[in-house]
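Here is the structure we will look at.
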Amino acid sequence: MDEDFNSANGITVVFEMAKWINSGNYDAAVKQALATMLEVFGIVFVEEDLNAEIEALIQKRQEARANRDFATADQIRDQLAAQGIKLLDTKDGVRWTRD
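Under the numbering used here, the residue at position 29 of the sequence shown is numbered 29, and the numbers go up by one with no gaps.
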């Protein structure tokens, strides 16, 4: 009965999962599972609006790059970097992570 809910172990699992997600190993189901775990601890993130804003900026950057407007593309990349967003240009498109 003393260990019905072991907060320390629960937090450890949450941080391990977050570390795994931040390394690029995730899909929507995994992110949802992490969000559910965090809600148990009273931690709720409102990131959908932020993600939409980030995706819009990335799209504008992609358009600038396609139009060879590298100054604008660099400005957007720097703006995102200042917000802790790291961009990785790959052959399959742009991936981003939060630092």
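Backbone N, C-alpha and C fix where the C-beta goes; we use that ideal spot for every residue, glycine too.
Margin query: For a test of the three-state rule: what should DSSP assign to I43, helix, strand or coil?
Written below: coil
Item checked: Cβ-Cβ separation, A64 to I54 (assumed contact under 8 Å), whole Å -> Going by Cβ atoms, the distance from I54 to A64 rounds to 15 Å, so no, they are not a contact pair.
Item checked: Three-state secondary structure assigned by DSSP to K100 -> In the structure as shown, the chain starts at 1 and stops at 99, and residue 100 therefore has no counterpart that could be examined.
Notebook entry, point to check: Going along the chain, which residues of its own chain have a beta-carbon closer than 7 Å to the beta-carbon of K31, five neighbours each way excluded?
Noted result: I21
Check: With a CB to CB cut of under 7 Å and the five nearest residues on each side skipped, what residues in its chain are close to K60?
Finding: I76
Notebook entry, point to check: Can you tell which of Q83, D74 and A52 has its C-alpha closest to the C-alpha of D89?
Noted result: D74
Margin query: Could you tell me the alpha carbon to alpha carbon distance between A66 and G93, rounded to whole angstroms?
Written below: 12 Å
Next item on the list: Report the rounded CA-to-CA distance for R98 versus L50, giving the unit in angstroms.
Entry: 11 Å
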